[in-house]
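K.L.:
Heads up: the sequence shown begins at 27 in this note's numbering, then just goes up one per residue.
We put the CB at the ideal spot given by N, CA and C, even for glycine.
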Amino acid sequence: MDSLGTWLLGKLNFLRQKMGILPENEPSLPPPWSLESPFQKWTIFSKLSLAVGVSCFVICIVLHSRRLLASPKQIVKRNLMATQMEDFEVSESCILDTWLYHLAFFLLLCLCVSIPWEWVRLYQIEVAKKATVLSEGYARSCYQQDMSFWETLKIWWSWNFSWDSDSCESYYKALMVDPLWEVTPLMAISSVIGRFVVHPVELFSHTFGRSLRNIMREIPSQWQLPVFLLFPLIFISVLITALTKRKNTMCHQAKVTTRSRRTKGALMPRT
Numbered sequence: 027m028d029s030l031g032t033w034l035l036g037k038l039n040f041l042r043q044k045m046g047i048l049p050e051n052e053p054s055l056p057p058p059w060s061l062e063s064p065f066q067k068w069t070i071f072s073k074l075s076l077a078v079g080v081s082c083f084v085i086c087i088v089l090h091s092r093r094l095l096a097s098p099k100q101i102v103k104r105n106l107m108a109t110q111m112e113d114f115e116v117s118e119s120c121i122l123d124t125w126l127y128h129l130a131f132f133l134l135l136c137l138c139v140s141i142p143w144e145w146v147r148l149y150q151i152e153v154a155k156k157a158t159v160l161s162e163g164y165a166r167s168c169y170q171q172d173m174s175f176w177e178t179l180k181i182w183w184s185w186n187f188s189w190d191s192d193s194c195e196s197y198y199k200a201l202m203v204d205p206l207w208e209v210t211p212l213m214a215i216s217s218v219i220g221r222f223v224v225h226p227v228e229l230f231s232h233t234f235g236r237s238l239r240n241i242m243r244e245i246p247s248q249w250q251l252p253v254f255l256l257f258p259l260i261f262i263s264v265l266i267t268a269l270t271k272r273k274n275t276m277c278h279q280a281k282v283t284t285r286s287r288r289t290k291g292a293l294m295p296r297t
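1. What residue from V139, E228, F222, Y127 has the CA that sits closest to I85's CA?
2. Please say whether K156 and A200 have beta carbons closer to each other than 8 angstroms?
3. Looking at the unbroken alpha helix (DSSP H) that takes in P226, where does it start and where does it end?
4. Looking at V159: is its Cβ nearer than 8 angstroms to the Cβ of S196?
5. Measure from the alpha carbon of V203 to the alpha carbon of each residue in Y127, Y149, V88, then state which is nearest.
6. Measure how close the beta-carbons of P205 and E152 come, nearest whole angstrom, since I'm counting them as under 8 angstroms.
7. Taking 8 angstroms as the cut-off, decide whether the C-beta atoms of I87 and L126 are in contact.
8. Does DSSP put C277 in a helix, in a strand, or in coil?
9. In whole angstroms, what separates the C-alpha of V227 from that of I219?
10. For P384, which residues of its own chain have a beta-carbon under 6 angstroms away from its beta-carbon, when the five flanking residues on both sides are left out?
11. With 16 as the cutoff for other CB atoms within 10 Å, does W249 come out buried or exposed?
12. Give the single residue among L129, L238, E208 whose Cα lies nearest to the Cα of W145.
13. Quick one: grab the DSSP three-state call for V159.
14. Please look up how many angstroms separate the CB atoms of F222 and L137, rounded, as I've assumed it's under 8 angstroms.
15. Taking 8 angstroms as the cut-off, decide whether the C-beta atoms of V224 and P142 are in contact.
16. Just the Cα atoms here: how many angstroms apart are K271 and F254?
17. Helix, strand or coil, according to DSSP, for V203 in the structure here?
18. When the Cα of Q162 is compared with those of C194, F131, R147, which residue comes out closest?
19. To the nearest angstrom, report how far apart F257 and M276 are at their CA atoms.
20. According to DSSP, is E144 part of a helix, a strand, or is it coil?
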């Protein structure tokens, strides 16, 4: 019974389409990652860019690790005019500088990999925009000989007294302009830098705002303003303390280095 009902429904829809009551079904779009895509080269460029970016990332990591293993470990020794506390501060600073160096190197590699990644994303967005325009079909304004008087008057009115873009021009741009030339490497680099700066700030502000809202919910209303003002004061105090400690450590290292050089210079003529 189900098959008979489906067959009758199909025949009824066919008759309604022939009579003009029901519009014909538009052909479905092919899968975006298939070779039947209206832009067949985009899948090749996308996969090739990602493969090159990941390969460069792996090669840089391997070369950097091999260089670190091949180079001997440099140990800073302060035997002249230095106490054990001075040696501890120097070694701690060296460890911090090494950690910051490795972090900066890792972020630089991630940034280099993100550039082709972002280019692929922007490229796919352009393909989606063009596929959307092409799926709507061409406008009647593209063939003015088939237009009626009122349609011509309406298009003339919208052309002179509105800010709408020309649908015919948009259709032929989507049809003839390859999206490969729409996305430049400079656009990908600027987009990566923007997302690298803006996205962490958005996440931090969202998390901080939610945490602050939960904290204020547990505090009585008369104490909310003093507690709210206390947070920036604590943050500024901690920041000033950290910067002052860092500056004092750097000045102390400079003094120790100067003393060591003077002592070595004084001992060299005697030897």
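P.N.:
Reading it off the structure:
1. Minimum Cα-Cα distance from I85 among the listed residues V139, E228, F222, Y127 corresponds to V139.
2. Cβ distance < 8 angstroms, so A200 and K156 count as in contact.
3. 211 to 243 is the extent of the alpha helix (DSSP H) around P226.
4. In contact: V159 and S196 (Cβ atoms closer than 8 angstroms).
5. Y149 is the residue among Y127, Y149, V88 whose C-alpha sits nearest the C-alpha of V203.
6. For P205 against E152, the beta-carbon gap comes to about 4 angstroms, under 8 angstroms, which counts as contact.
7. No. Outside cutoff.
8. Of the three classes helix, strand and coil, the one that applies to C277 here is helix, per DSSP.
9. Using only the alpha carbons, I get a separation of about 13 angstroms.
10. Within the shown structure, residues of the chain are numbered from 27 to 297, placing residue 384 beyond reach of any answer.
11. W249 is exposed by the Cβ-count criterion.
12. Checking every option, the nearest Cα to that of W145 belongs to E208.
13. For V159, the secondary structure class from DSSP, reduced to helix, strand or coil, is helix.
14. Rounded, the Cβ-Cβ distance is 7 angstroms, consistent with contact.
15. At least 8 angstroms separates the beta-carbon of V224 from that of P142.
16. Looking at the two C-alpha atoms, the distance is approximately 27 angstroms.
17. Correct three-state label for V203: coil.
18. Checking the sequence, you will find Glu at residue 162 rather than Gln. Each of C194, F131, R147 was checked against the Cα of E162, and the nearest Cα belongs to C194.
19. The C-alpha of M276 is placed about 29 angstroms away from the C-alpha of F257.
20. In the displayed model, E144 falls within a helix according to three-state DSSP.
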